[in-house]
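Written below as structure tokens is the structure these notes are about.
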Amino acid sequence: MSDFITVLRETCPTPVVDATKWTRIGGDPHTVNLNAYVSNDGSKIMGTWICTPGKFEVNYDKWEFCHFLDGYCIITPEGEEPKHLKAGDVFVIEPGMKGTWEVVETVRKYFVFA
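Going by UniProt numbering, the sequence shown opens with residue 1, and the numbers climb by one from there.
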């Protein structure tokens with residue numbers, strides 16, 4: 001029988017540095033991923049993401065839930081107004097979103113990709 005509940009405080013994620021697939025288009029941003037959970041089939045990932053200031057071109061192929069713990073960024077979907085996001089904000093990004101993600105102040109967020 002498999003576990004139905006994974007208690008994440010018991011995980012010890014290994015930091016993965018600069019593993020983003022996004023294209024850097026401004027500044028010199030650096031990322032750290034702390035993946036606390038990955039489903040058996042790899043389709044779901046949960047963890048903490050940290051990024052220093054800079055700008056990326058993004059193209060989402062998965063759904064993402066985010067909870068900002070620290071920092072400030074501006075996400076601008078193609079053809080839409082910029083979304084200004086800061087510590088305390090909780091939001092979802094749908095698959096198919098293309099645009100830019102600019103980290104203005106170092107960001108630390110919880111994320112879930114599914």
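Here a beta-carbon is modelled for each residue, glycine too, at the ideal position from N, C-alpha and C.
Asked	Found
Neighbourhood of Trp-49 by C-beta distance below 7 Å, restricted to the same chain and skipping five residues each side	Thr-31, Asn-33, Lys-109, Phe-111
Exposed unless 16 or more other CB atoms sit within 10 angstroms - verdict on Leu-85	buried
Coil, strand or helix - Glu-10 by DSSP	helix
Enclosing beta strand (DSSP E) for Asn-59 [first to last residue]	54-59
CB of Phe-65 within 8 Å of CB of Thr-23, strictly	no
Collapsed DSSP secondary structure at Asn-40 in the structure displayed	coil
Spatial neighbours of Thr-20 in its chain, beta-carbon cut-off 6 Å, leaving aside the 5 residues before and after	Thr-31
Separation of Ala-114 from Val-16, as counted between CA atoms	19 Å
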